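The sequence shown begins at 94 in my numbering and counts up one residue at a time.
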Amino acid sequence: MWRFIFSSLFCISIFAAFGQDQEVPLKPKPVWKPHEIKIGFNAIRSGRTVFGSDILTHEMQVALAMHLLNIIIDLGIEENTHGKTYTYENRGSYFRVGGDWNFVKSKKSGNAISLGLRYARAEFKDQLDYTGDQGFGILDYDFENANLKARWAEVTFNLRGKVVSNFYMGFTARWQLIRKINGEGQLETFDIPGFGNTKRRNSTAFDYYLMWRIPLLKQ
94 MWRFIFSSLF
104 CISIFAAFGQ
114 DQEVPLKPKP
124 VWKPHEIKIG
134 FNAIRSGRTV
144 FGSDILTHEM
154 QVALAMHLLN
164 IIIDLGIEEN
174 THGKTYTYEN
184 RGSYFRVGGD
194 WNFVKSKKSG
204 NAISLGLRYA
214 RAEFKDQLDY
224 TGDQGFGILD
234 YDFENANLKA
244 RWAEVTFNLR
254 GKVVSNFYMG
264 FTARWQLIRK
274 INGEGQLETF
284 DIPGFGNTKR
294 RNSTAFDYYL
304 MWRIPLLKQ
């Protein structure tokens, strides 16, 4: 009996010592060096400029990828005019900056399915002209906000896919939140460049991008 117990303890000690000698493989640490840049433009906005008659708008995007994090910068301009019995003009520029977390782990593919956050800001001016008859004859009215600023936050869902070589396409769905406007006078602002209509403080938007990828590291 004692021989069996001592033999068992001896075997256990041998296996324990052997297990301690085996190195546990460690997960490789993520490399946070930039490995690619994507540069492109918003096809929906440019399409509205080409096919629309009352708006001029363009937007470019730069995306710098580090590991699974994409640093995003959007720069845009917008000018629009609308109204039949009145003329409302709005023109200005905007930017968005933020980051996306990519759930596609393959750096080589360049594809992305990601969630992100943005801080957005616009600087613009607007003007309203109309003619009215208040019973004392026809009068011309002119209201202007010359120095408007707006800011808001965004939550985004993004998809980018390779089409051919280093050319990529994909969309961004935006949830625009906590919009704030500074600089309004008598005229209530109707549009914000990069945001859209101001009827709601929180809104949604959908954009489609065409992008060119520039690899920075050898895969």
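Idealized CB from N, CA, C, for every residue including glycine. Note that this is a predicted model, so its numbers are computed, not measured.
(request) Mind checking who residue 319 pairs with in its DSSP beta bridge? (result) In the structure displayed, the chain extends from 94 to 312; residue 319 sits before or after that span and is not available.
(request) Out of 247, 248, 174, state which residue places its alpha-carbon closest to the alpha-carbon of residue 218. (result) Checking every option, the nearest Cα to that of residue 218 belongs to 174.
(message) How far does the beta strand (DSSP E) with residue 140 in it extend, from its first residue to its last?
(response) Here residue 140 belongs to no beta strand (DSSP E); instead the alpha helix (DSSP H) covers 136–144.
(request) Using the Cα positions of residue 140 and residue 242, report the straight-line distance between them to the nearest angstrom. (result) Rounded to the nearest whole angstrom, the C-alpha separation of residue 140 and residue 242 is 26 Å.
(message) Could you tell me the alpha carbon to alpha carbon distance between residue 205 and residue 215, rounded to whole angstroms?
(response) CA-CA distance, residue 205 to residue 215, rounds to 27 Å.
(request) Name the one or two DSSP bridge partners that residue 306 has. (result) Paired residues: 131.
(message) In the DSSP assignment, the beta strand (DSSP E) including residue 186 goes from what residue to what residue?
(response) Note, residue 186: beta strand (DSSP E), 179–195.
(message) Excluding the 5 residues flanking residue 114 on each side, which residues of the same chain have their C-beta closer than 6 Å to its C-beta?
(response) Legend: pLDDT at residue 114 = 48, less than 50; position of this residue unreliable, value from coordinates given subsequently. Nothing listed; no residue qualifies.
(request) Quick one: residues in its chain with C-beta nearer than 7 Å to the C-beta of residue 179, no 5 flanking neighbours on either side, listed in chain order? (result) Sequence-distant partners of residue 179 (beyond 5 residues in either direction) whose C-beta falls short of 7 Å from its own C-beta, in its chain, are 221, 222, 223.
(message) Counting C-beta neighbours from all protein chains within 10 Å, is the total for residue 199 16 or more, i.e. buried, or is it exposed?
(response) With fewer than 16 other Cβ atoms inside 10 Å of its own Cβ, residue 199 counts as exposed.
(request) Classify residue 245 as helix, strand or coil using the three-state DSSP reduction. (result) DSSP, reduced to helix, strand and coil, places residue 245 within a strand of the structure shown.
(request) Would you kindly report the start and end of the unbroken beta strand (DSSP E) that includes residue 151? (result) Judged by DSSP secondary structure, residue 151 falls within the beta strand (DSSP E) whose first and last residues are 148–159.
(message) Mapping the DSSP letters down to three states, classify residue 220 as helix, strand or coil.
(response) Here DSSP, grouped into helix, strand and coil, assigns residue 220 to strand.
(request) Identify, in the order they occur along the chain, each residue of the same chain with its Cβ nearer than 6 Å to the Cβ of residue 317, setting aside the five sequence neighbours on each side. (result) With the chain covering only 94 through 312, there is no way to say anything about residue 317.
(request) Classify residue 173 as helix, strand or coil using the three-state DSSP reduction. (result) In this structure, residue 173 counts as strand in the three-state DSSP scheme.
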